[in-house]
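For reference, the structure is listed below as structure tokens.
There are 2 protein chains.
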Amino acid sequence: MASRQFEPPSGTRDFLAGALRTRERVFARIREVFERYGFEPLQTPAFERLETLTGKYGDEGDKLIFKILRRGEHEATGEADLALRYDMTVPLARVVAGYGSQLPTPYKRYAMGPVWRADRPGKGRFREFAQCDVDVVGSGSPLADAEVVCALTDALDAVGVRNYRVLVNSRQALSGLLEAYGIPADLGGGVLITLDKLDKLSPEKVSAELVEARSLESDIATALVGDLTAADAVERMQTVLKDSEVGRAGLDEIGQLLELASPRVGAERIAFVPSLVRGLDYYTGVIFEVVAEGMPGSIASGGRYDGLISALGGPDVPACGGSLGVERIIGLLSSDDGAEHRIDVAATVIAEDTASEVMGFAARLRDVGLRTEVYLAASRKLAKQLKWAADRKARFALIYGAADKDAGVITVRDMDTGEQAQVPTDELAAYLTGRCAPSE
Amino acid sequence: MASRQFEPPSGTRDFLAGALRTRERVFARIREVFERYGFEPLQTPAFERLETLTGKYGDEGDKLIFKILRRGEHEATGEADLALRYDMTVPLARVVAGYGSQLPTPYKRYAMGPVWRADRPGKGRFREFAQCDVDVVGSGSPLADAEVVCALTDALDAVGVRNYRVLVNSRQALSGLLEAYGIPADLGGGVLITLDKLDKLSPEKVSAELVEARSLESDIATALVGDLTAADAVERMQTVLKDSEVGRAGLDEIGQLLELASPRVGAERIAFVPSLVRGLDYYTGVIFEVVAEGMPGSIASGGRYDGLISALGGPDVPACGGSLGVERIIGLLSSDDGAEHRIDVAATVIAEDTASEVMGFAARLRDVGLRTEVYLAASRKLAKQLKWAADRKARFALIYGAADKDAGVITVRDMDTGEQAQVPTDELAAYLTGRCAPSE
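Protein chains in written order, with the numbering used here: chain E, 83 to 522; chain H, 83 to 522.
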């Protein structure tokens, strides 16, 4: 970059052709999977009324909302009335509330697009980034949970992510866990926040934090962490949770999700992980995270959130959904994923008064779907134009000199081999169609 | 809508599946044409630094820029440091300035996406709307002008717009016109603004405005308007403009554009229109507008703007480009354009303990590309589920009852005819693949 003045704003990116095509390919593959599941696309505006967003993301979230100044005479007050979309879920709730019976029941929708957060920009953390969500609003069935998990893992398969695992738990199972260990309700939330660190911290550190920061009795903390990190943690939990009603409900919903999703996801890739918590506290049923080898954090996540749509202003309907960490996924993929993008034909313009004819050749090639460029600079030197054709990674170059014109042919140069052929002008399209791979 | 609270913000729209698919289809077809011409996609952030945008659109434009409040401790000051993209041209200039030699020469790029303007919302006028631009930066050749015009008209053809005409003029020809009629340089701009109304007002009214508002002498105004609105206006202008150097240069660039673009566009659909002005004053060479029968205003427009990239902070390079009025074009198209979107298969779940198997059938059908939905609500009543299948416009419904299961078959109901067939479960995918049209 020449100068900061010409960089995109902090935390945002310009996508030039190569990077943008990789992104678009990833989005297209994901979209195809979601469509195959019968999810419908939804696109809401980039901004919402400020009051639609505030108070929905907690104090920390509220600080990250980009606010837009009221326009017109009110501008001088510095007052904001609009705000950039912070996620796809609040707009979904607004749409469910606003369109009601115009939507199918259940409403299965996907949304792909940018969201904006005034986060401190950092490595892999942006102020403008894409989200990619599927949600089912209006079904409390475990089938809906399973469809969400399968749609997300199918999408991971479609974009070429390998070696991932789906970790499953349930908010009801976590409530049962707190009950079973006799943890008072008012300590529960804090305990879960600390337990969520078991994937990063040692069991000893987590136990210590439970005692020091969460006021848990030491023997309870040790027993809890010991059970959750034991080799047979799943079996222990299955025994422990059976003693409480909410625990049994949790085990039941986890069991149903595993039964319904395992055939598709692969039984070895999906498992009950009793220590999985998920930060967001709006989940009410199953929760899940997808982790991939060599990646910190998760590449997809979601769960059931039966109370959220009404809390956000919508009707009281059951709902579940999940989100692909699409920026991370794009980061995972090698940048040469997919074929190198090249043009099919570069048409040179060398002889006087042939520009119109060369444009005509180009038009015919475009009509048969070939990506064709015409040389647009002033030089009439062939060497310079062939260098341009090579720079543009053209598969073939067209040369239409005075002698060609007189003979009713056009010279077609294979840019990979350097071989040249003289092709009658009216056979040009047929000649090249067979020799070029179909354009993307 | 139930309540204003659930509407999108004033001047913006929610796009539900049907409308969004129509839009996406239009964008996809346009993109395909631009790619065939070798234009490269560019995507810049939704917002720019405020100073990048201010002062670029004139006083009126500046007022329409949505400004974003500075975040963090500065928020209370009401100060803005970012602003939503107002068009695609200023970001292009920033990219050309910032990336320089990393870009191909010439840099042919297209950009499609939303821009935001704090305009008073009205019929067909939005605060969030899509723009669709092609530009060639770094070529002063008439071939570049012609490629822009042809790419735009090809795109109009591709999306099904009929009966359009391309009106062509040149800023140099307009300068020659002012010179030929002896109009002082300081009056020129105002005169052109008034002449631009010849497509809406009568010649008499335009003459009157030239005299009253533009201080033109009455006989000059009458002669000028008379010549421009005469049946042989083109011939008169060709004579008049030959007397001035800039006029000759204008005629020359118009002639070259017509010669290069006519074979593709069709000579009857493109013409020199001496009274065409175009509002924006940054054009330096040819200018054009595309008008369609029955549509007020233009559906595409553009021209050559050799000084603009440097005025916007970029290098001093020649450039030309054009823009499709894509919102108008989408409005022109009948909403049933394209096939009705339907799902291929609706899988019912009626018998106990068959949900997992039904999900397995759905997975196999999705694997062969069929859009398949599984019934997600709690009811096990077949009639209710078949109504759902009909509501979803499914081509086929699957019924897997206890008797089917015992017999190793699945009942496939043709939702158009009501006919049912019993298909061995392992032949299901093959059976349906042949009977469903390929998914989009």
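Glycine included, every Cβ here is placed at the ideal spot set by N, Cα and C.
Please read all numbers here as calculations on a predicted model, not as lab measurements.
request  = State the DSSP-derived secondary structure class of MET194(E), mapped to helix, strand or coil.
outcome  = strand
key: SER92(E) to GLN125(H) span [Cα, whole Å]   = 16 Å
ask   = In whole angstroms, what is the alpha-carbon distance linking LYS487(H) and PRO400(E)?
value = Looking at the two C-alpha atoms, the distance is approximately 31 Å.
message = I'd like the list of long-range same chain contacts for PRO196(H), defined as Cβ closer than 6 Å, with 5 residues on each side in sequence excluded.
response = Taking PRO196(H) as the centre and dropping the five residues before and after it, the same chain places the C-beta of GLU210, ALA212 closer than 6 Å to its C-beta, in chain order.
query = In the DSSP assignment, what are the bridge partners of LYS149(E)?
reply = ALA165(E)
query = Can you tell which of ASP398(E), LEU274(E), GLU409(E) has its C-alpha closest to the C-alpha of ARG105(E)?
reply = GLU409(E)
task = Buried or exposed for CYS518(H), please, with buried defined as at least 16 other CB atoms from any protein chain shown within 10 angstroms of its CB.
result = With a threshold of 16 other beta carbon atoms within 10 Å, CYS518(H) meets it and is buried.
ask   = Should MET497(E) be flagged as near chain H, meaning a C-beta pair shorter than 8 Å?
value = no
ask   = Between the segment 275-308 of chain E and chain H, which residues of the former have CB atoms less than 7 Å from a CB of the latter, in chain order?
value = Answer in chain order: no residues at all.
key: Proximal residues of chain H, C-beta to C-beta of ARG453(E) below 7 Å   = GLU117, ARG118, GLY120
message = If the cut-off is 9 Å on Cβ atoms, which residues from the segment 138-163 of chain E count as contacting chain H, listed in chain order?
response = LYS145, LEU146, ILE147, PHE148, LYS149, ILE150, LEU151, ARG153, GLY154, GLU157, ALA158, THR159, GLY160, GLU161, ALA162, ASP163
request  = List the endpoints of the continuous alpha helix (DSSP H) containing ILE265(E).
outcome  = It is not in any alpha helix (DSSP H) - ILE265(E) carries neither H nor E in the DSSP assignment.
key: Contact under 8 Å by Cβ, THR515(E) with TYR482(E)   = no
Three-way DSSP call (helix, strand, coil) for SER344(E) in this model = helix
task = Pull up the distance between the alpha-carbon of LEU166(H) and that of ARG296(E), whole angstroms please.
result = The alpha-carbon atoms of LEU166(H) and ARG296(E) are separated by roughly 44 Å.
inquiry  = Given this structure, state the Cα-to-Cα distance separating LEU342(E) from ILE336(E), to the nearest angstrom.
reply    = 10 Å
Alpha-carbon to alpha-carbon, ALA101(E) and GLY420(E) = Because GLY420(E) carries a pLDDT of 48, less than 50, the predicted location of this residue cannot be relied on, and no value is offered for it.
query = Do GLY403(E) and ASP215(E) have their C-beta atoms within less than 8 Å of each other?
reply = yes
request  = Specify, as a first and last residue, the run of the alpha helix (DSSP H) that VAL307(E) falls within.
outcome  = 300-311
message = Suppose you measure from the CA of GLU130(E) to the CA of LEU164(E); what does that come to, to the nearest Å?
response = 6 Å
key: 9 Å Cβ cut-off: residues of chain H touching MET441(E)   = LEU225, ALA228, GLU229, CYS232, LEU342, ALA343, PRO345, ARG346
request  = Quick one: list the residues of chain E neighbouring SER438(H), beta-carbon separation under 7 Å, in chain order.
outcome  = GLU341, LEU342, PRO345
message = Taking DSSP's pairing of strands, which residues face CYS402(E) in a bridge?
response = VAL218(E), ARG386(E)
request  = Using a threshold of 8 Å, state whether the C-beta atoms of VAL288(H) and VAL307(H) are closer than that.
outcome  = yes
request  = Return the CA-CA distance between ASP398(E) and ILE391(E), expressed in angstroms with no decimal places.
outcome  = 7 Å
query = Cβ of THR235(H) less than 8 Å from any chain E Cβ?
reply = no
query = Expressed to the nearest angstrom, what Euclidean distance is found between the alpha-carbon atoms of GLU299(H) and GLY413(H)?
reply = 43 Å
request  = Within the same chain, show all residues whose beta-carbon is closer than 7 Å to that of ARG386(H), passing over the 5 residues directly before and after it, in chain order.
outcome  = ASP227, TYR365, THR366, GLY367, VAL368, CYS402
query = Would you report the Cα separation of VAL178(E) and ALA315(H), rounded to the nearest angstrom?
reply = Near 58 Å, if we compare the C-alpha coordinates of ALA315(H) and VAL178(E).
Segments of 3+ residues assigned as beta strand (DSSP E) that fall wholly inside the segment 202-251 of chain E = 210-219
key: Test: THR94(E) CB closer than 8 Å to a CB of chain H   = It does: the Cβ of THR94(E) has a partner Cβ on chain H nearer than 8 Å.
query = With distances taken from CA atoms, which of ARG474(E), LEU452(E), VAL108(E) is nearest GLU114(H)?
reply = LEU452(E)
ask   = So the alpha helix (DSSP H) VAL322(E) belongs to, where does it begin and stop?
value = 315-323
query = Are any of the Cβ atoms in chain H nearer than 8 Å to that of GLU210(E)?
reply = yes
inquiry  = Please identify, using Cβ separations under 7 Å, the residues of the segment 487-519 of chain H that lie next to chain E, in order along the chain.
reply    = none
ask   = What is the C-beta distance between ILE352(H) and VAL440(H), in whole angstroms, given that I count them as a contact (C-beta under 8 Å)?
value = With a Cβ gap of about 58 Å, ILE352(H) and VAL440(H) do not count as contacting.
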